[in-house]
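The listed protein sequences derive, respectively, from chains F and Y.
One point on numbering: in my numbering, the residue at position 45 of the first sequence is 45, and numbering is uninterrupted.
In my numbering, each residue's number is its place in the second sequence (first place is 1) plus 1000.
We put the beta carbon where it would ideally sit given N, CA and C, even for glycine.
Owing to the predicted nature of the structure, the values given are computational and were not obtained by experimental measurement.
These notes are about the structure you will find just below.
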Amino acid sequence: MINKIVRDMAAAMEGVRDGSTVLIGGFGAAGQPDDLIEGLIEQGARDLTAVANNAGSGRTGLARLMELGRVRKIICSFPRSAGSVVFEELYKAGKLELEIVPQGTLAERMRAAGAGVPAFFTPTAAGTKLAQGKEVREFDGRPHVMEMALHGDVALVEAWEADRWGNLTFRRSGRNFNPVMAMAAKLTIVQAQNIVELGAIEGERVVTPGIFVNRVVNVRRGAPWA
Amino acid sequence: MQPWSRTQMAARAAIDIPDGWYCNLGIGMPTLIADHIPEGREVVLHSENGILGMGPAPEKGQEDAWLINAGKQPVTLHPGGSYFHHADSFAMIRGGHIDLCVLGAFEVASNGDIANWATSENDSAPAVGGAMDLAAGAKRVWVMMEHTTKDGRPKLVEACSYPLTAMRAVARVYTNLAVLDVTEHGFTVRDLAPGVTMEHLRSVTAAPLADAREAVA
């Protein structure tokens, strides 16, 4: 019998290794798996590469993981936002490596990883400094930049509903990066607000099929307002 | 001379958006356009964090933490609206399905180059977000910005001095002084704010200007 629902956070985080690339879902606070990040902090893995749209805000969640010195490198599209104090401090002090990736390229690099496409060409960033050092090729008379698939060792995902096969739905704009990150990692760990019976999410309603999911932990946390 | 206010700039841009267009309105000034779409037109708003058919801000107390726009402000969903993940959202952008994107900018060059993400070559941690994808991918890109910087330097230039967001991307610019098309001959004036003369506009623009107002009228 397949049962991807684990009993607690420790079981959800078991085996996450030092040096892992960790994909972290969310856009702002919506769809951000805060409890899994706390779980990762408890679990202790270090020397991590974090992939997320933003570089954390305040001193909780991703920001806390960084503040504790557990993140070696961050790959994101928008590091500076209101409250990204920890990022600013660490980056200025030279304690954090940064790779800036345009938001759509970031999503597509992970989709490509999940889809078995090693690299692709995109018009985004052609002729800009984010294309420096990358292969550029013309298609239809327009320059395109080669971008590589971005694989995760681990993905941390927030879902609205999950069943024991790992089928997921998301709430409203909380979907954002979560489904592509679920595809792109070897170990996809989900915090789900609601655990439902197998079959309760009708096939048409499944957003992320369980094949992309390894572990689900039930976290009833209410609204993610900071 | 009566330069347009931000609200008037937004209203001026809104009347140029036809019924049925799918539009992404950038964070900041372009967002104001949503409030000025003329009655009776259906313009479908896209937000790159996975919303099509985005509606206005909710009533106080009705906010949903899972329903925010690209600026991370609470919004609503228009009937007929939909949600999708980031790769699909940027497929809409990069795949040329978005009819129009309106962006803010630091500079626009007369060949359509746009600089709107990094304020200097030395800024080592600039935040690009979705700007490069939108500028390179939308079917057409308009810019909405003040005509000059706060200290009076022209933002319409022959070549951008700030790091580029995209090459040859901009089709039209709405400023507080004028509406200009970017053509193969450079900036071409379509409309002027009340009392603004071509002579004044030339004095605050660092690129040649053609005048197409008669041809348009």
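If you follow the alpha helix (DSSP H) that residue i is part of, which residue opens it and which one closes it?
i	result
residue 92 of chain F	85 to 92
residue 1148 of chain Y	First-last for residue 1148 of chain Y: undefined, no H or E at that position.
residue 1013 of chain Y	1006 to 1014
residue 42 of chain F	34 to 43
residue 63 of chain F	62 to 67
residue 198 of chain F	Residue 198 of chain F -> no alpha helix (DSSP H), and no H or E assigned at all.
residue 106 of chain F	103 to 115
Do you know offhand how far residue i's Cα is from residue j's?
i	j	result
residue 1202 of chain Y	residue 1113 of chain Y	19 Å
residue 1172 of chain Y	residue 214 of chain F	48 Å
residue 1193 of chain Y	residue 1199 of chain Y	13 Å
residue 1152 of chain Y	residue 50 of chain F	41 Å
residue 1043 of chain Y	residue 77 of chain F	28 Å
residue 191 of chain F	residue 206 of chain F	16 Å
residue 1019 of chain Y	residue 1040 of chain Y	8 Å
residue 1063 of chain Y	residue 1163 of chain Y	37 Å
residue 1221 of chain Y	residue 1205 of chain Y	Absent from the structure is residue 1221 of chain Y, since the part of chain Y shown begins at 1001 and ends at 1217.
residue 144 of chain F	residue 1131 of chain Y	16 Å
residue 1208 of chain Y	residue 1187 of chain Y	7 Å
residue 30 of chain F	residue 130 of chain F	27 Å
residue 1084 of chain Y	residue 111 of chain F	14 Å
residue 226 of chain F	residue 36 of chain F	Summary for residue 226 of chain F: the model assigns pLDDT 42, below 50, so the residue's position carries little reliability; its value from the coordinates is reported in the next sentence. For residue 226 of chain F and residue 36 of chain F, the distance between alpha carbons rounds to 16 Å.
residue 1166 of chain Y	residue 126 of chain F	7 Å
residue 1161 of chain Y	residue 203 of chain F	53 Å
residue 122 of chain F	residue 179 of chain F	21 Å
residue 211 of chain F	residue 201 of chain F	15 Å
residue 153 of chain F	residue 1081 of chain Y	34 Å
residue 22 of chain F	residue 47 of chain F	11 Å
residue 1012 of chain Y	residue 70 of chain F	50 Å
residue 150 of chain F	residue 56 of chain F	20 Å
residue 1022 of chain Y	residue 133 of chain F	34 Å
residue 42 of chain F	residue 182 of chain F	22 Å
residue 254 of chain F	residue 1016 of chain Y	Outside the shown range of chain F (1 to 226) lies residue 254 of chain F, about which nothing can therefore be said.
residue 146 of chain F	residue 175 of chain F	27 Å
residue 188 of chain F	residue 1158 of chain Y	49 Å
residue 1216 of chain Y	residue 83 of chain F	Residue placement at residue 1216 of chain Y is poorly supported in this model, since its pLDDT is 48, which falls under 50; the coordinates still yield a value, given next. Rounded to whole angstroms, residue 1216 of chain Y to residue 83 of chain F spans 47 Å at the Cα level.
residue 1090 of chain Y	residue 93 of chain F	34 Å
residue 1100 of chain Y	residue 1137 of chain Y	10 Å
residue 1087 of chain Y	residue 1003 of chain Y	40 Å
Which residues bound the beta strand (DSSP E) around residue i?
i	result
residue 227 of chain F	A query on residue 227 of chain F cannot be resolved here, the shown segment of chain F reaching from 1 to 226 and no further.
residue 194 of chain F	185 to 195
residue 121 of chain F	119 to 122
residue 215 of chain F	215 to 218
residue 1047 of chain Y	1044 to 1047
residue 1052 of chain Y	1051 to 1055
residue 1209 of chain Y	1209 to 1211
residue 75 of chain F	71 to 76
residue 50 of chain F	48 to 51
residue 1025 of chain Y	1022 to 1025
Can you name the residues of chain Y whose CB is closer than 7 Å to the CB of residue i?
i	result
residue 176 of chain F	1049, 1050, 1085 and 1086
residue 180 of chain F	1085, 1086 and 1087
residue 107 of chain F	1086, 1087 and 1090
residue 111 of chain F	1087
Residues of chain F with CB closer than 9 Å to the CB of residue i, please, in chain order.
i	result
residue 1140 of chain Y	The contacting residues do not exist; residue 1140 of chain Y stays about 14 Å from chain F at best.
residue 1126 of chain Y	79, 80 and 100
Who are the neighbours of residue i on chain A, taking C-beta pairs under 7 Å?
i	result
residue 1072 of chain Y	The displayed structure is made up of protein chains F and Y, and chain A is not among them.
Which chain F residues sit within Cβ distance under 7 Å of residue i?
i	result
residue 1093 of chain Y	104
residue 1163 of chain Y	128 and 129
residue 1068 of chain Y	28, 30 and 173
Just the chain F side, please: which residues come within less than 8 Å of residue i by C-beta, in chain order?
i	result
residue 1106 of chain Y	Per Cβ cutoff of 8 Å: no residues; residue 1106 of chain Y is ~14 Å from chain F at best.
Note down, in chain order, every chain Y residue with its Cβ under 8 Å from the Cβ of residue i.
i	result
residue 130 of chain F	1128 and 1132
residue 126 of chain F	1136, 1166 and 1167
Could you tell me which chain Y residues have their CB closer than 9 Å to the CB of residue i, listed as they occur along the chain?
i	result
residue 122 of chain F	1094, 1133, 1136 and 1137
residue 20 of chain F	The contacting residues do not exist; residue 20 of chain F stays about 22 Å from chain Y at best.
(Q) Any contact between the stretch 1047 to 1060 of chain Y and the stretch 1075 to 1092 of chain Y? By contact I mean 3 or more CB pairs, one from each, below 8 Å. (A) yes
Please list the segments of the beta strand (DSSP E) lying wholly inside the stretch 130 to 171 of chain F, counting only runs of 3 or more residues, in order along the chain.
136 to 139, 142 to 148 and 152 to 162
**Message:** Give the list of continuous beta strand (DSSP E) stretches no shorter than 3 residues that lie fully inside the stretch 6 to 31 of chain F.
**Reply:** 21 to 24
Quiz item: For the stretch 1125 to 1135 of chain Y against the stretch 68 to 88 of chain F, are there 3 or more C-beta pairs whose distance is under 8 Å?
Solution: yes
- Message: For a minimum of 4 consecutive residues, which ranges assigned as the alpha helix (DSSP H) are wholly contained in the stretch 1127 to 1201 of chain Y?
- Response: 1131 to 1137
*Take every Cβ of the stretch 157 to 164 of chain F, pair it with every Cβ of the stretch 193 to 205 of chain F, and state whether three or more of those distances are shorter than 8 Å.*
yes
Query - contact_flag[the stretch 92 to 108 of chain F, the stretch 65 to 84 of chain F] where n(CB pairs < 8 Å) is 3 or more - result: yes
(request) For the stretch 1075 to 1130 of chain Y, list the alpha helix (DSSP H) runs that are entirely contained and at least 4 residues long, ordered along the chain. (result) 1086 to 1094
May I ask you to verify whether the stretch 5 to 20 of chain F touches the stretch 133 to 147 of chain F, counting CB pairs closer than 8 Å and requiring at least 3? These segments do not touch.
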